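A.B. asks: Numbers given in our numbering equal positions in the first sequence, counted from 1, plus 8. The beta-carbon is built from N, C-alpha and C at its ideal position, and this holds for glycine as well. Treat the numbers as computed from the prediction; the structure is a model and nothing was measured.
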Amino acid sequence: MEDTIISQRRAKADALRARGEDPYANDFRVTHTAAEIHAAHSGDDLETLEQKAVQVAVGGRVMAIRRMGKLVFFVLADRSGQIQANLFQDALPAADLERIELVDVGDIVGVAGPVMRTRRGELSVKATSLRLLTKSLRPLPEKWHGLTDVSTRYRQRYVDLIVNEDVRRTFQARGRIVSYIRRFFEDRDYLEVETPMLQSIYGGAAAKPFVTHHNSMDMRLFMRIAPELNLKRLVVGGLHRVFELNRNFRNEGISTRHNPEFTALEFYEAFANYEDLMALTEELLHGLCIHLHGTDQIPYGEHTLSFAQPFRRLSVYQGLIEHAGVPADAVEDRDALLAAAQRLHVPKAHEMALGYLQMAIFEAAAEHLLVQPTFVTDFPLDVSPLSRRKDANPKLVDRFELYCAGREIANAFSELNDPIDQHERFAAQANQRDKGDEEAHPMDDDFIRALEYGMPPTAGEGIGIDRLVMLMTNQPSIREVIFFPLLRPEA
RNA sequence: GGGCCAUUAGCUCAAUCGGCAGAGCAACGGACUCUUAAUCCGCAGGUUGAAGGUUCGAUUCCUUCAUGGCCCA
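#1: Which ranges does the beta strand (DSSP E) cover as unbroken runs of at least 3 residues, wholly within the stretch 108–183, from first to last along the chain?
#2: Go ahead and label S395 buried or exposed: buried means 16 or more other beta carbons lie within 10 angstroms of its beta carbon, across all protein chains shown.
#3: For a minimum of 3 consecutive residues, which ranges assigned as the beta strand (DSSP E) are wholly contained in the stretch 273–354?
#4: What's the gap between the Cα of E202 and the Cα of I456?
#5: Kindly indicate which three-state DSSP category M9 falls into: helix, strand or coil?
#6: For H221, which of helix, strand or coil comes out of DSSP?
#7: Which whole runs of the alpha helix (DSSP H) in the stretch 458–497 are 4 residues long or more, in chain order?
#8: Any heavy atom of the ligand MG closer than 6 Å to the CB of E409?
#9: Buried or exposed for V419, going by 16 or more other Cβ atoms inside 10 Å?
#10: Roughly how many angstroms lie between the CA atoms of D195 and E291, to the nearest whole one?
#11: By the DSSP assignment, the beta strand (DSSP E) with Q92 in it spans what residues?
#12: Tell me the rounded alpha-carbon separation between L345 and L362.
#13: Report all residues from its chain with a CB closer than 6 Å to the CB of A372; omit the five preceding and five following residues, and keep chain order.
#14: How many whole angstroms separate the CB atoms of L293 and P381, which I take to be in contact at a CB cut-off of 8 Å?
#15: Specify the secondary structure class of Y210 as computed by DSSP and reduced to three states.
#16: Use the C-beta contact count for A102: other C-beta atoms within 10 angstroms, 16 or more gives buried, fewer gives exposed.
#17: Given this structure, state the Cα-to-Cα distance separating A65 from A48, to the nearest angstrom.
#18: Identify the residues that DSSP records as bridge partners of I73: which are they?
#19: Assuming A280 contacts A467 under a Cβ cut-off of 8 Å, what Cβ separation, rounded to an integer in Å, is found between them?
#20: Report back the beta-carbon spacing between K134 and F81 to the nearest angstrom; my notes put them in contact at under 8 Å.
#21: So does the stretch 403–414 actually touch the stretch 166–184, counting three or more Cβ pairs closer than 8 Å?
#22: So, is Y282 buried or exposed, given that buried needs 16 or more other C-beta atoms within 10 angstroms?
#23: Between R191, Q483, N238 and A374, which lies nearest to S208 when the distance is taken from Cα to Cα?
#24: What does DSSP give as the partner residue(s) for T385 in the beta ladder?
#25: Could you work out which residue in M286, I329 and E310 is closest to F319 when comparing CA atoms only?
#26: Quick one: residues in its chain with C-beta nearer than 7 Å to the C-beta of R415, no 5 flanking neighbours on either side, listed in chain order?
#27: Since I believe R232 is in contact with M205 (beta carbons under 8 Å), could you give me their beta-carbon distance rounded to a whole number of angstroms?
#28: Is it true that the stretch 140–151 meets the stretch 111–119, where meeting means three or more beta-carbon pairs spaced less than 8 Å apart?
#29: Indicate whether A42 and Q90 have their beta-carbon atoms separated by less than 7 Å.
#30: So is D386 buried or exposed if we call it buried at 16+ other beta carbons inside 10 Å?
#31: By the DSSP assignment, the beta strand (DSSP E) with F251 in it spans what residues?
#32: Compare the Cα-Cα distances from A435 to each of R27, L495 and D390 and report the closest residue.
#33: Just checking, does the stretch 469–483 make contact with the stretch 443–455 on the three C-beta pairs under 8 Å criterion?
#34: Hey, R321 and E277 are a contact pair by Cβ (cut 8 Å); roughly how many whole angstroms apart?
#35: Note down, in chain order, each residue of its chain lying with its Cβ closer than 6 Å to the Cβ of P493, except the 5 sequence neighbours on either side.
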């Protein structure tokens, strides 16, 4: 029974206290990490190390104990990796030898002594002292199979991280990705900014918000679904290159691709258009892939993704023609589109305005085919209330979405900066809302006012960081790249 | 929201047609000064997710619920 193990370990903590030692001490100082020791001495043989007698102090969790009678091996894990500690009876003071008996797998210990190599070649620390620094009361999962139960892995991510090295690596990669992105934009003279998560009017995307309440102001507030409108206000204010890398909240279903809170990068650059952003996006993803993997060809599930530049480009209309079987001269023909929608089992097709219908067909027919990075361009105006019209075709906008592995990774456009047009678009969205579209964009009078002061010609983009991390780390579920994905509370 | 699947010891998994609930690892006791999932001997550990039903008898069959996973919308 679990309580049996816990009480056994509590007894060991008590035994330590009886010896006048704190089972939760905090006075041990580490001089080296495991990785530093491996890096410094990987080429040193047994005799060389004996001569050098390099003294180190390492601290970490005991991942394995192998007792050989008068010799005990610990495998220690610290933030950098693992190192073996060898506890020889004739190298340790009596008090430390007795302490070995109080150490369990899972405890945090400190070991000091010279770096050595065993006869079998294992680089180790020969312990001349042993401290027990943190008593672990709960047993770790089995050493070979680890922890695999998905629910437990997410609920007790700390255990998942202790025992599953690949999980640790995935989250380390996530950190490096975020860091690379920040550096990428800082190098291009972008300013990192933070804008409100709590908003009295939400906007910037088509999604349902979380609603909350401010008590002392007695005010309804929304969790933001996107930072877009605030970032464009900053561009109006003269911050011509800004980015925000932060959380968005959308009140929708949970799946392998959706978590209610997710991390997005949004960036805005004045005097640029959506074509410029395609080039910038290629550069960002290509550089990131090389930075992480040293190559631009990486596995994702059964596929090999290529981030070699340039990425494929496919207009929405081309997609309708090539993948949905819509005749080339009928991409704006409602009857032809409805026929395609029926073939593809698009629900509620008859209720949709033209642009929504085109996109629903495109998504049903083409989305899953877009495995290699592909810029889908030239979206219908109806579904793009914040994008600039195309000069050549006012029914379309200067917009692209980047698809990869059948998923939307990024969404970008030349920004609509005509306040009159923007007001009309919001009005059209209000009309959609009246028809029952809960995801239609709400009117934002202050945003119109900001545009009336004049926003320079600008292009902006949003990139889903969680999905990007999934691609870069070959993970099939968004929950594998979010430390604590949303779950129902335990019973 | 719909369908399918899973839930058994701390962890990973068994259990024949409905017939005494088992193993490995971890733990506990012991042997061992070069192990690498150490090895060897011994011992212990269970409200089979919850509630109800069928049955002489339920881990197994049925119903409802809970949690999670996958697929679909």
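C.D. replies: Judging by the given coordinates:
#1: 116–125, 131–134 and 137–142
#2: Here the question's residue 395 lines up with position 387 in the first sequence. S395 comes out buried.
#3: 305–308, 311–314 and 320–323
#4: In the first sequence, the residue the question calls residue 202 occupies position 194. In the first sequence, the residue the question calls residue 456 occupies position 448. So the alpha carbons of these two residues sit roughly 21 Å apart.
#5: Residue numbering aside, residue 9 sits at position 1 when the first sequence is read from its first letter. Note that M9 has pLDDT 46, beneath the 50 cutoff, so the model's placement of it is unreliable and no number is given.
#6: As a first step, residue 221 is located in the first sequence; it is residue number 213 there, counting from the start. Three-state result, H221: strand.
#7: 473–481
#8: The ligand MG is not part of this structure, which contains no ligands at all.
#9: For this step, residue 419 is matched to residue 411 along the first sequence. The sequence shown places Asn at residue 419, not Val. It is buried - the Cβ of N419 has at least 16 other Cβ atoms within 10 Å.
#10: Working through the first sequence from its first residue, we reach residue 195 at position 187. Working through the first sequence from its first residue, we reach residue 291 at position 283. Distance between the alpha carbons of D195 and E291 is about 13 Å.
#11: Translated into the one-based positions of the first sequence, residue 92 becomes position 84. Looking at the DSSP string, the run of the beta strand (DSSP E) that includes Q92 is Q90 to F96.
#12: As a first step, residue 345 must be located in the first sequence, where it is residue number 337. As a first step, residue 362 must be located in the first sequence, where it is residue number 354. One C-alpha to the other measures close to 9 Å.
#13: Counting from one through the first sequence, the residue named residue 372 turns up at place 364. Within the same chain, A372 has close Cβ partners L352 and V354.
#14: By 1-based counting over the first sequence, the position of residue 293 is 285. By 1-based counting over the first sequence, the position of residue 381 is 373. Yes, they are in contact, since the Cβ atoms of L293 and P381 sit about 7 Å apart, within 8 Å.
#15: Residue mapping note: residue 210 aligns to position 202 of the first sequence, counting from 1. Coil.
#16: The sequence position of residue 102 within the first sequence is 94, counting from 1. A102 should be labelled exposed.
#17: Taking the first sequence and counting its residues from 1, the one referred to as residue 65 is at position 57. Taking the first sequence and counting its residues from 1, the one referred to as residue 48 is at position 40. Their backbone Cα atoms lie some 14 Å apart in a straight line.
#18: The residue labelled residue 73 in the question sits at position 65 within the first sequence. F82.
#19: Your numbering for residue 280 matches position 272 in the first sequence. Your numbering for residue 467 matches position 459 in the first sequence. Contact flag correct, Cβ pair sits at about 4 Å.
#20: Position 126 of the first sequence, counted from the first residue, corresponds to residue 134. Position 73 of the first sequence, counted from the first residue, corresponds to residue 81. Contact flag wrong, Cβ pair sits at about 11 Å.
#21: no
#22: Counted from its first residue, the first sequence places residue 282 at position 274. With 16 or more Cβ atoms within 10 Å of its Cβ, Y282 is classed as buried.
#23: As a working mapping, residue 208 is identified with position 200 in the first sequence. That would be N238, whose Cα lies nearest to the Cα of S208.
#24: Within the first sequence, residue 385 is the residue found at index 377, counting from 1. Answer by DSSP bridge pairing, in chain order: S323 and F408.
#25: Against the first sequence, residue 319 aligns to sequence position 311. Of the listed residues, the one whose Cα sits closest to F319 is M286.
#26: As a first step, residue 415 must be located in the first sequence, where it is residue number 407. The residues are R265 and R475.
#27: Taking the first sequence and counting its residues from 1, one reaches residue 205 at position 197. Taking the first sequence and counting its residues from 1, one reaches residue 232 at position 224. Going by Cβ atoms, the distance from M205 to R232 rounds to 5 Å, so yes, they are a contact pair.
#28: yes
#29: Here residue 42 refers to the residue found at position 34 of the first sequence. Here residue 90 refers to the residue found at position 82 of the first sequence. Yes, Cβ-Cβ distance for A42 and Q90 is below 7 Å.
#30: Here the question's residue 386 lines up with position 378 in the first sequence. Label assigned to D386: buried.
#31: Sequence index remark: in the first sequence, residue 251 carries index 243 (1-based). First-last of the beta strand (DSSP E) with F251: R249 to F257.
#32: To locate residue 435, count along the first sequence from 1; it is residue 427. Answer by Cα proximity: D390.
#33: no
#34: Position 313 of the first sequence, counted from the first residue, corresponds to residue 321. Position 269 of the first sequence, counted from the first residue, corresponds to residue 277. 20 Å between Cβ atoms; not a contact.
#35: Working through the first sequence from its first residue, we reach residue 493 at position 485. Around P493: Y162, N267 and R487.
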